[in-house]
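Chains as they are written, first to last, in the numbering used here: chain U, 1 to 226; chain H, 1 to 239.
Working notes for the structure below.
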């Protein structure tokens, strides 16, 4: 187990180093997320629906789109010079490879979310105040779930044509449960509702994470090995 | 981890591979012992690259099995995987990292004790120390091939699989690489070299095989002179 974690960290560190070197995917995802917020901000009619009613959905749609852009890079970097084959040659447990990729993707998506959140506050004039720790907790819970699924789908589509198109088509339906849970929790947090009103949704998010991280770790070898 | 002296370090039995209805490789048997090199030649589409990918464990055979140091090559057999080094058409290197960074990462995957030092040593062995810290995308084709060679040799594999390894190397680099292969043989490694140009490593090969249409058309001890062998090779390929 310790060896698998060491290898997973090595894979994650390599991915982060690669991204810091090129900054392509991270920058694209951040710019894309900011643009989504701008579009939502100018497209809504403030007389028909209040910013507070719309804010939770906008926040999570923005996070989701930004995450899809960031996840697209996860295995495309392995396509150059058949680098994925190079990793598969090594005595690297496939679960360690999956966990490494998951950790790196989580780091990228958290960065996108960390940049998006202040922009969201700015555009929608929302005061996070006391809700901030709760929103951060919900963000971590929901992000782990859809990034876990996105990581395996990213590996699945990388050898197909139009991989960038295939990933959202496959991933977005699986993002629905964590997004619904996160939107519900965020709405209640912003409205200052008690924790007891969102326990059911928090349970859903936790269960989703446990089930999909486990399933994806187990299924990953069948996806990457021929 | 050491196999008995007489036992082959690399062995394949009844190896076959199909892609749907297309049978790319069938009934291939081979055994390569310590200090021995098998040179495999054949025309385009003969199945040479598929054979190497099967021997490396990157592809599963439709039939048959591969054994490395007596252990069956499977996903759950890390010791067998650890024993294999592959130099492919592709370099397996990340363009945005330097050769030093690429090799240090690979050394970590193989669990080498001092990854950075292992990477430095491997780059020194192929004469790439002076470009060790330049991004891979800035290297010329020949330097890339040297980096790929260093990557394949980094973990001191017992079995080395080489797919057209002289591609992109200039004459001095090719000569240096031949010396490196000779040193690997002297250390008791088993080598399989796939090539269109048998002359490049004729003297190093202990045995020679010709793959035509996915089958062994010939497999024998290397004749003394390449010139004597080439007419037979031409007959097998074109006849």
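Virtual Cβ for every residue (Gly too), placed ideally from N, Cα, C.
On a predicted model such as this, the values are computed, not experimentally measured, just so you know.
Which class does residue i belong to by DSSP, given the choice of helix, strand or coil?
{"i": "residue 57(U)", "result": "helix"}
{"i": "residue 217(U)", "result": "helix"}
{"i": "residue 202(H)", "result": "coil"}
{"i": "residue 97(H)", "result": "coil"}
{"i": "residue 62(H)", "result": "coil"}
{"i": "residue 192(H)", "result": "strand"}
{"i": "residue 85(H)", "result": "strand"}
{"i": "residue 162(U)", "result": "coil"}
{"i": "residue 75(H)", "result": "coil"}
{"i": "residue 37(H)", "result": "strand"}
{"i": "residue 9(U)", "result": "helix"}
{"i": "residue 4(H)", "result": "Only weak support exists for where residue 4(H) lies, its pLDDT of 44 falling under 50; the value from the coordinates is given anyway. If DSSP states are grouped into helix, strand and coil, residue 4(H) belongs with coil."}
{"i": "residue 71(U)", "result": "helix"}
{"i": "residue 22(H)", "result": "strand"}
{"i": "residue 77(U)", "result": "coil"}
{"i": "residue 44(H)", "result": "coil"}
{"i": "residue 156(H)", "result": "coil"}
{"i": "residue 301(H)", "result": "Given that chain H is displayed from residue 1 to residue 239, the structure contains no residue 301(H) and the question cannot be resolved."}
{"i": "residue 20(U)", "result": "helix"}
{"i": "residue 171(H)", "result": "helix"}
{"i": "residue 31(U)", "result": "helix"}
So which of the options has the shortest CA-CA distance to residue i?
{"i": "residue 53(H)", "options": "32(H), 84(H) and 77(H)", "result": "84(H)"}
{"i": "residue 198(U)", "options": "134(U), 223(U) and 112(U)", "result": "134(U)"}
{"i": "residue 68(U)", "options": "88(U), 172(U) and 37(U)", "result": "172(U)"}
{"i": "residue 202(U)", "options": "104(U), 186(U) and 62(U)", "result": "186(U)"}
{"i": "residue 45(U)", "options": "117(U), 158(U) and 124(U)", "result": "124(U)"}
{"i": "residue 207(U)", "options": "107(U), 142(U), 167(U) and 82(U)", "result": "142(U)"}
{"i": "residue 176(H)", "options": "30(H), 127(H), 22(H) and 73(H)", "result": "127(H)"}
{"i": "residue 131(U)", "options": "82(U), 191(U), 157(U) and 81(U)", "result": "191(U)"}
{"i": "residue 71(U)", "options": "104(U), 120(U) and 189(U)", "result": "104(U)"}
{"i": "residue 168(U)", "options": "121(U), 40(U) and 61(U)", "result": "61(U)"}
{"i": "residue 216(H)", "options": "208(H), 223(H) and 222(H)", "result": "208(H)"}
{"i": "residue 24(H)", "options": "39(H), 48(H) and 6(H)", "result": "48(H)"}
Between the C-alpha atoms of residue i and residue j, what's the straight-line distance to the nearest angstrom?
{"i": "residue 46(H)", "j": "residue 177(U)", "result": "50 angstroms"}
{"i": "residue 150(H)", "j": "residue 150(U)", "result": "34 angstroms"}
{"i": "residue 218(H)", "j": "residue 51(H)", "result": "15 angstroms"}
{"i": "residue 14(H)", "j": "residue 13(U)", "result": "41 angstroms"}
{"i": "residue 110(H)", "j": "residue 200(U)", "result": "45 angstroms"}
{"i": "residue 224(U)", "j": "residue 84(U)", "result": "9 angstroms"}
{"i": "residue 48(U)", "j": "residue 54(U)", "result": "11 angstroms"}
{"i": "residue 168(H)", "j": "residue 88(H)", "result": "13 angstroms"}
{"i": "residue 129(U)", "j": "residue 91(U)", "result": "49 angstroms"}
{"i": "residue 18(H)", "j": "residue 27(H)", "result": "12 angstroms"}
{"i": "residue 139(U)", "j": "residue 43(H)", "result": "57 angstroms"}
{"i": "residue 34(H)", "j": "residue 66(H)", "result": "16 angstroms"}
{"i": "residue 3(H)", "j": "residue 210(H)", "result": "Residue confidence is low: residue 3(H) scores 45 on pLDDT, short of 50, so the model does not pin down where it sits. Its coordinate-derived value is still stated next. Straight-line Cα distance between these residues: approximately 27 angstroms."}
{"i": "residue 233(U)", "j": "residue 9(H)", "result": "Because chain U spans 1 through 226 in this model, residue 233(U) falls outside it and cannot be assessed."}
{"i": "residue 225(H)", "j": "residue 217(U)", "result": "54 angstroms"}
{"i": "residue 78(H)", "j": "residue 226(U)", "result": "17 angstroms"}
{"i": "residue 227(H)", "j": "residue 41(H)", "result": "15 angstroms"}
{"i": "residue 157(H)", "j": "residue 171(H)", "result": "26 angstroms"}
{"i": "residue 86(U)", "j": "residue 142(H)", "result": "19 angstroms"}
{"i": "residue 1(H)", "j": "residue 32(H)", "result": "Because residue 1(H) sits at a pLDDT of 42, beneath the cut-off of 50, its placement in the model cannot be relied upon, and the following sentence gives the value as read from the coordinates. Whole-angstrom Cα-Cα distance: 17 angstroms."}
{"i": "residue 105(H)", "j": "residue 189(U)", "result": "43 angstroms"}
{"i": "residue 39(U)", "j": "residue 73(H)", "result": "54 angstroms"}
{"i": "residue 147(H)", "j": "residue 99(H)", "result": "6 angstroms"}
Chain U beta carbons: is any one of them nearer than 8 angstroms to that of residue i?
{"i": "residue 229(H)", "result": "no"}
{"i": "residue 88(H)", "result": "yes"}
{"i": "residue 59(H)", "result": "yes"}
{"i": "residue 3(H)", "result": "Residue confidence is low: residue 3(H) scores 45 on pLDDT, short of 50, so the model does not pin down where it sits. Its coordinate-derived value is still stated next. False, the Cβ-Cβ gap to chain U never drops below 8 angstroms."}
{"i": "residue 78(H)", "result": "yes"}
{"i": "residue 167(H)", "result": "no"}
{"i": "residue 288(H)", "result": "Any answer about residue 288(H) is impossible in this case: the structure gives chain H only from 1 up to 239."}
Between residue i and chain H, is there a C-beta pair that is closer than 8 angstroms?
{"i": "residue 101(U)", "result": "no"}
{"i": "residue 218(U)", "result": "no"}
{"i": "residue 23(U)", "result": "no"}
{"i": "residue 87(U)", "result": "yes"}
{"i": "residue 113(U)", "result": "no"}
{"i": "residue 182(U)", "result": "no"}
{"i": "residue 92(U)", "result": "yes"}
{"i": "residue 159(U)", "result": "no"}
{"i": "residue 227(U)", "result": "Here chain U has residues from 1 to 226 only, and residue 227(U) is not among them."}
{"i": "residue 82(U)", "result": "yes"}
{"i": "residue 296(U)", "result": "Here chain U comprises residues numbered 1 to 226, so residue 296(U) is not present and cannot be evaluated."}
Based on the DSSP output, what are the partners of residue i in its beta bridges?
{"i": "residue 15(H)", "result": "28(H)"}
{"i": "residue 216(H)", "result": "211(H)"}
{"i": "residue 163(H)", "result": "194(H)"}
{"i": "residue 221(H)", "result": "207(H)"}
{"i": "residue 10(H)", "result": "32(H) and 68(H)"}
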